[in-house]
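S.K.:
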Amino acid sequence: MTRIDLLLSDCRAATMVAGGAPYGVIEDAVIAVKDGAILWIGPASEAPEFRPVSAARLDGRWVTPGLIDCHTHLVFGGDRTAEFEARLGGATYEEIALAGGGIRSSVTATRAASEADLIRAARRRLASFIAEGVTTIEIKSGYGLDLETELKMLRAARYLDGDVRVVTSFLGLHAVPKDQDRDAYVAMIIDEALPAAHAAGLVDIVDAYLESIAFTPAEVSRLFDKARSLGLPVRLHADQLSDGGGAALAASYGALSADHLEFTAQAGVEAMARAGTVAVLLPGAFVALAETREPPVAALRAAGVPMAVASDCNPGTSPLLSLRAAMMLACSQFRLTPEEALAGTTRVAAQALGLAARAGTLEAGKAADLAAWDIERPAELSYWLGGDLLHRSWRGGVPVVA
Ligand code: NIG
Ligand code: FE
């Protein structure tokens with residue numbers, strides 16, 4: 101009899117393995133966990149005998165991969181409620197940014213915050229995601245915009261790794277800081293800040309904001325060349341407010357993902373399909389900014405571009421503390437199917453973070469990151485806007501929400 105750490109039984113598994121039954125369903129499933137990974141998963145009728153240290157019968161509940169939020173700006177100082185009010189009064193996001201607010205106002209607050217302050221505030225926000233079954237979260241820098249504060253943000257993000265797995269993205273090219281020479285700033289980020297953050301082991305992925313109010317294709321290309329020379333994968337905030345050719349640029353670097361994509365044209369979609377670049381859809385920003393231009397979901401689907409869904413949790417454009425709400429909004433605003441939305445926060449989200457071999461589906465060999473739900477069918481995860489549906493969760497087989 102095989103000794104294992106954890107045995108889950110009497111459950112229905114939405115494995116999210118592609119290519120078979122919808123949701124990769126296994127009815128009456130058994131999941132055996134050993135050393136943090138799934139050792140065996142399959143129908144109870146075929147299960148070998150296991151000797152578990154602990155066991156849970158789940159009374160027919162659904163089990164999915166732990167949810168993965170592949171795009172957040174969870175670490176920041178202050179808040180931007182005043183800008184929210186200004187936008188409600190008629191100001192646009194671009195106008196506020198050009199007047200020195202927007203990202204720059206979060207930069208001022210983030211520089212002023214201590215590392216402990218940043219951790220405390222981010223941990224409070226993270227609790228909302230953990231409570232809804234998130235077991236992996238990506239967190240970006242980009243509100244420091246100087247070496248010291250970018251490193252402080254990334255250290256705070258790394259510190260939060262525990263109940264959830266944290267993946268970091270270096271977003272030095274997020275905005276040009278106030279009163280600073282643009283070229284000197286770009287050079288500092290590329291030649292100094294990125295190498296220093298990488299040397300300190302703080303960077304998993306390199307990100308940038310390509311936009312008319314942010315950085316140009318030439319500047320982003322220089323950053324991505326540097327990332328390549330350091331052996332780091334890249335991703336890009338692309339085509340959110342205008343078509344800057346961001347999707348095609350990201351694809352030309354073999355980016356893990358291109359994110360937002362509201363203004364992406366057909367050529368960008370096709371380039372992403374060829375490169376295997378994931379489209380990360382961020383309906384929280386779309387809703388909070390009251391945007392009307394939708395990302396080309398039908399074209400992405402037709403071209404076979406995998407679609408992820410993320411919260412984009414940030415103080416400016418997406419004050420969204422729920423990945424499940426993002427799933428619901430992706431369905432209602434962008435017409436994803438509930439199955440696509442769940443794939444977008446499990447299997448495809450893992451791909452967007454370069455974690456496809458380790459997470460995102462329930463398969464032998466993958467991490468035992470699991471969520472058990474009080475639902476009757478998997479589509480409910482994308483159907484309810486809010487609500488506490490989680491029964492239990494585990495990271496690497498260790499209970500998180502118990
Ligand atoms: O993903 N688009 C750029 N970055 C963030 C917004 C940042 C901010 O306004 O603070 C985003 O939407
Ligand atoms: Fe973002």
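Counting the sequence shown from 1 gives a position; this note's numbering is that position plus 100.
In this text, a Cβ means the ideal position worked out from N, Cα and C, and glycines have one as well.
Measure the Cβ-Cβ separation of Leu330 and Leu273 and say whether it is below 9 Å.
M.R.: Contact flag unset, no.
S.K.: Sort Leu429, Leu455 and Trp494 by Cα distance to Trp473 and report the nearest one.
M.R.: For the residues Leu429, Leu455 and Trp494, the minimum Cα distance to Trp473 belongs to Trp494.
S.K.: With Ala457 as the anchor, note down where its alpha helix (DSSP H) starts and where it stops.
M.R.: Here Ala457 belongs to no alpha helix (DSSP H), and DSSP marks it neither H nor E.
S.K.: If we ignore side chains and look at the alpha-carbon of each, how far apart do Ile313 and Ala199 end up?
M.R.: If you take the alpha carbons of Ile313 and Ala199, they lie about 11 Å apart.
S.K.: For the ligand FE, is there a heavy atom less than 8 Å away from the beta-carbon of Asp359?
M.R.: Under cutoff, so the answer is yes.
S.K.: Run through the DSSP bridge pairs and tell me what Thr268 is partnered with.
M.R.: For Thr268, which the question treats as bridged, DSSP gives the partners Ile239.
S.K.: What would DSSP say about Tyr353, mapped onto helix, strand or coil?
M.R.: DSSP places Tyr353 in coil when its eight states are reduced to three.
S.K.: On the three-state DSSP scale, how would you describe Ser214?
M.R.: Here Ser214 sits in coil by DSSP.
S.K.: Going by beta carbon distance, what residues of the same chain come within less than 7 Å of Gly136, once the five residues before and after it are set aside?
M.R.: These residues qualify, in order along the chain: Ala467, Ala468, Gly496 and Gly497.
S.K.: Specify, as a first and last residue, the run of the alpha helix (DSSP H) that Val117 falls within.
M.R.: Counting along the chain, Val117 falls outside any alpha helix (DSSP H), and DSSP gives it neither H nor E.
S.K.: Could you check where the beta strand (DSSP E) with Ile131 kicks off and where it finishes?
M.R.: Looking at the DSSP string, the run of the beta strand (DSSP E) that includes Ile131 is Val125 to Lys134.
S.K.: Pick helix, strand or coil for Leu436, following the three-state DSSP scheme.
M.R.: Of the three classes helix, strand and coil, the one that applies to Leu436 here is coil, per DSSP.
S.K.: Would DSSP call Phe229 helix, strand or coil?
M.R.: DSSP places Phe229 in helix when its eight states are reduced to three.
S.K.: Compute every distance between the C-beta of Ser206 and the non-hydrogen atoms of the ligand FE, then say whether any falls below 8 Å.
M.R.: No, Cβ of Ser206 sits at least 8 Å from all heavy atoms of the ligand FE.
S.K.: Which value, in whole angstroms, describes the spacing of the CA atoms of Leu167 and Gly189?
M.R.: The straight-line gap from Cα to Cα measures roughly 36 Å.
S.K.: Examine the ligand NIG and report whether any of its heavy atoms sits within less than 8 Å of the Cβ of Asp343.
M.R.: Flag unset: Cβ of Asp343 not near the ligand NIG.
S.K.: Kindly indicate which three-state DSSP category Cys111 falls into: helix, strand or coil?
M.R.: Three-state DSSP puts Cys111 in a strand.
S.K.: In the DSSP output, what is Leu490 paired with across the bridge?
M.R.: BP columns for Leu490 point to Trp473.
S.K.: Could you say which of Trp162, Ala256 and His171 lies nearest to Gly124 if we only look at CA atoms?
M.R.: Ranking Trp162, Ala256 and His171 by Cα distance to Gly124 puts Trp162 first.
S.K.: Buried or exposed: where does Leu485 fall if 16 or more other Cβ atoms within 10 Å of its Cβ makes it buried?
M.R.: Burial call: exposed.
S.K.: Applying the criterion that 16 or more other CB atoms from any shown protein chain within 10 Å of the CB defines a buried residue, is Pro438 buried or exposed?
M.R.: Classification of Pro438: buried, given that the 10 Å Cβ count is 16 or more.
S.K.: Please give me, in chain order, every unbroken run of the alpha helix (DSSP H) with length at least 4 that falls completely inside the region 238-314.
M.R.: Segments of the alpha helix (DSSP H) lying fully in the region 238-314: 247-259, 282-288 and 294-299.
S.K.: Excluding sequence positions up to five away, which residues of its chain have a Cβ less than 6 Å from the Cβ of Met428?
M.R.: Closer than 6 Å at the Cβ level, and outside the excluded window around Met428, lie Ser482 and Leu485.
S.K.: For Pro395, count the other beta carbons within 10 Å of its own beta carbon; 16 or more makes it buried, fewer makes it exposed. Which is it?
M.R.: It is buried - the Cβ of Pro395 has at least 16 other Cβ atoms within 10 Å.
S.K.: Nearest CA to the CA of Val387: which residue from Phe363, His337 and Leu420?
M.R.: That would be Leu420, whose Cα lies nearest to the Cα of Val387.
S.K.: Strictly by DSSP, which residues pair up with Ala338?
M.R.: Answer is Leu310 and His360, bridged to Ala338.
S.K.: With the cut-off set at 9 Å, would you say Val130 and Gly142 are in Cβ contact?
M.R.: Their beta carbons are under 9 Å apart, which means Val130 touches Gly142 by this criterion.
S.K.: Note down, in chain order, each residue of its chain lying with its Cβ closer than 6 Å to the Cβ of Asp343, except the 5 sequence neighbours on either side.
M.R.: So the list reads Phe363 and Ala365, once near-sequence residues are dropped.
S.K.: When the Cα of Arg223 is compared with those of Arg204, Ala212, Ala197 and Gly262, which residue comes out closest?
M.R.: When only C-alpha atoms are compared, the closest one is Gly262.
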